[in-house]
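Notes for the one structure printed next.
Below, the structure written as C-alpha cells:
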C-alpha cells in the first residue's frame, strides 16, 4: 500500500468516526433538550422566556462549533481519541507476542521491562498515523474532500470503519491469546 492510499484510508476512517461522534452528540443533545425544555417553558416569566430564547438563538452557532466543530470541538476531540485508541490496538498484538516471549525466556515479570516492551511498538507504529492524519491538520483537507462524496461512498466507508474497529478488537484478543499460549507452552 503506497503512502497516499494509507493516508486516504486513515483519514476516511477518522472522518467516519467523527460523523458517528457528531450523530451521537446530536442524539444526546435531543435527550438533554427533552428533559431541560420544561424548565424555561413552565418556570420562567414572560420576560425571562423572551431573553432566554433570544440568547439561545444568538449563541446556537457558537454552541454548534463547540460541540460539533471540525477544528476544535467535543466531537472531533472524541474522534481523535477513538481513532488513536483503535489504531494503537493493532501494534498491541506484536507487543503481547514479544511480552510472551520475554516471560517465556526469562521466567519473570519485571513491570518496567513489560511496560517498555508494550509501549515501544505502539509508539513506533503511531508515528505514521500521526503524520498521515494529524500533522498540519491534514484531516481537515480530507474532510472537505469526503463531504463532497455521495451516499454510496459514505456507506462503504462506514462499513470499512466498523471492520477497522472490529479488526482492532480481534487483534487485541488474538494478541492476548497468543501471549498466553507462548507463556504456557
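Residue numbers (my numbering): 1 to 185. For every residue, glycine included, the Cβ atom is placed at its ideal position computed from N, Cα and C. Values in this document were obtained by computation on a predicted structure and should not be read as measured data.
**Message:** Just to check my reading of the structure: residue 93 and residue 25 have Cβ atoms closer than 8 Å, yes? What is that Cβ distance to the nearest angstrom?
**Reply:** Not confirmed; about 32 Å, so no contact.
**Message:** Quick check on the DSSP output: the alpha helix (DSSP H) that includes residue 44 runs from which residue to which?
**Reply:** Counting along the chain, residue 44 falls outside any alpha helix (DSSP H), and DSSP gives it neither H nor E.
**Message:** Checking 8 Å against the spacing of the C-beta atoms, do residue 99 and residue 114 come in under that value?
**Reply:** In contact: residue 99 and residue 114 (Cβ atoms closer than 8 Å).
**Item:** Spatial distance of residue 2 from residue 59 (CA atoms)
**Value:** 45 Å
**Request:** For my contact list, residue 7 and residue 163 are in at a C-beta cut-off of 8 Å; report their separation, rounded to the angstrom.
**Result:** Actually they are not in contact, since the Cβ atoms of residue 7 and residue 163 sit about 18 Å apart, beyond 8 Å.
**Asked** Between the C-alpha atoms of residue 97 and residue 40, what's the straight-line distance to the nearest angstrom?
**Response** 58 Å
**Item:** Residue from 143, 182 and 46 whose Cα sits closest to the Cα of residue 79
**Value:** 143
**Message:** Please report the distance separating the alpha-carbon of residue 20 from that of residue 141.
**Reply:** The alpha-carbon atoms of residue 20 and residue 141 are separated by roughly 19 Å.
**Message:** residue 90 and residue 22 - do their beta-carbons sit closer together than 8 Å?
**Reply:** no
**Item:** residue 18 versus residue 75: straight-line alpha-carbon distance, rounded
**Value:** 6 Å
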